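See structure below.
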Amino acid sequence: MAPFKITFSCSFEEFWRYNLYVTGKVFAGDECVEFISHSDKVAEVGAPRESLTNISRRKLPLAITTQDGDSLTLYIYIVAHTLPATNKISEAPAFECCVSVEHDGKMLHKRRYEVDQWSGDNIEIKVEAK
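In my numbering, the protein residues as written are -8 to 121.
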């Protein structure tokens, strides 16, 4: 058994408009050995854009290293707290973020996700080390 290394990255310039929550469980066999909980809350949902102009960019990529385990269930919530500058959907296209999960030097999961600027996203990842 070895720890999992979880990495979340996003280069979207306005990622400050989103709260980021990561939860999950690490298992050794059938036993849960760790509960993962990370919260990066920038503002309350519905915060006016004008009040957030001085928010500094968060430090990404986010990296989480877990305890030793052989399987992982992970949930990532990207929650919009402030709307885009425009009301035209065509002017606020989806943006990309990337999530990777490594275990004992092996990449078990690496994927880019398209995130809607209006609704954010919920990502579920389940991996097993073999």
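Every residue gets a Cβ at the ideal spot worked out from N, C-alpha and C, and that includes glycine.
Just so we're clear, the structure is a prediction, and the values are computed from it rather than from any experiment.
- Between the region 31 to 43 and the region 79 to 89 there are fewer than three inter-stretch CB-CB distances shorter than 8 Å, so the stretches are not counted as touching.
- Contact between residue 17 and residue 25 is confirmed by a C-beta separation of about 4 Å, below the 8 Å threshold.
- The continuous beta strand (DSSP E) containing residue 93 extends over residues 86 to 94.
- Segment contact: the region -4 to 4 against the region 87 to 103, three or more CB-CB distances shorter than 8 Å; contact assigned.
- Scanning 37, 102, 115, -8 for the CA closest to the CA of residue 75 turns up 37.
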